[in-house]
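First the structure, in the form of structure tokens, and then the observations on it.
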Amino acid sequence: MNKSLSTLGLCTLLAALPAIAHEDHGKPMHGGIVAEAGHAQFEIAGKDGVLTVHVSNHGAPVATSGAAGKLRVLSGASKREIALQPAGDNKLQGQGSLAVGDKLLLDVTWPGQKPLQARAVVK
Numbered sequence: 080m081n082k083s084l085s086t087l088g089l090c091t092l093l094a095a096l097p098a099i100a101h102e103d104h105g106k107p108m109h110g111g112i113v114a115e116a117g118h119a120q121f122e123i124a125g126k127d128g129v130l131t132v133h134v135s136n137h138g139a140p141v142a143t144s145g146a147a148g149k150l151r152v153l154s155g156a157s158k159r160e161i162a163l164q165p166a167g168d169n170k171l172q173g174q175g176s177l178a179v180g181d182k183l184l185l186d187v188t189w190p191g192q193k194p195l196q197a198r199a200v201v202k
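And the structure:
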């Protein structure tokens, strides 16, 4: 009986480990908005008229060299598109700003890979 309870307790603890391992998953690291698509996690942050998209995979930076992207911003009835270019190891940048309530549609493509698409809302 005691062996069964010990085994059950150990299994319960081990089952919780994956949740603990990803406790920072989905949290913004640069003060932006986090969205996910495929293998990548995107954080969209804006400052001084520049939008920066930080790209990572489980916390590890993903190289953006050769990547291209666009950010569609839906504000009420208006729609605008911002071109994003590689800017550093794991960043894409473009000119623009965001407002609370904006709906975002991010498209990012790396050479030879299928495009990734992520959605977010500015809160």
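Each position in the sequence shown, counted from 1, maps to that position plus 79 in our numbering.
Glycine included, C-beta positions come from ideal geometry on N, C-alpha and C.
Just so you know, these numbers come straight off a predicted model, no measurement behind them.
Burial state of residue i, where buried means 16 or more other Cβ atoms lie within 10 Å
i       : result
Val-134 : buried
Gly-148 : buried
Asn-246 : With the chain represented from 80 up to 202, any question about residue 246 goes unanswered, as that position is not in the structure.
Lys-193 : exposed
Lys-170 : buried
Val-200 : exposed
Ala-114 : buried
Rounded straight-line distance, which links the Cα of residue j to that of residue i
i       : j       : result
Arg-198 : Ser-144 : 22 Å
Leu-150 : Ile-112 : 13 Å
Pro-140 : Asp-168 : 8 Å
Lys-202 : Gly-180 : 6 Å
Trp-189 : Ala-146 : 4 Å
Gly-125 : Gly-191 : 29 Å
Ala-203 : Gln-172 : Absent from the structure is residue 203, since the part of the chain shown begins at 80 and ends at 202.
Ser-176 : Asp-127 : 8 Å
Ser-182 : Val-129 : One detail in the question is off: residue 182 reads as Lys in this sequence, not Ser. Distance between the alpha carbons of Lys-182 and Val-129 is about 17 Å.
Glu-102 : Val-152 : Only weak support is given to the placement of Glu-102: the predicted model assigns it a pLDDT of 47, under 50, and the value that follows is read from those uncertain coordinates. Taking the straight line joining both Cα atoms gives about 29 Å.
Backbone secondary structure at residue i - three-state DSSP
i       : result
Asn-136 : strand
Gly-173 : strand
Pro-194 : coil
Gly-148 : strand
Val-45  : Beyond the ends of the chain as shown, which are 80 and 202, falls residue 45; an answer cannot be given.
Ala-162 : strand
Val-187 : strand
Is the number of C-beta pairs between the stretch 159 to 170 and the stretch 113 to 122 that are closer than 8 Å three or more? no
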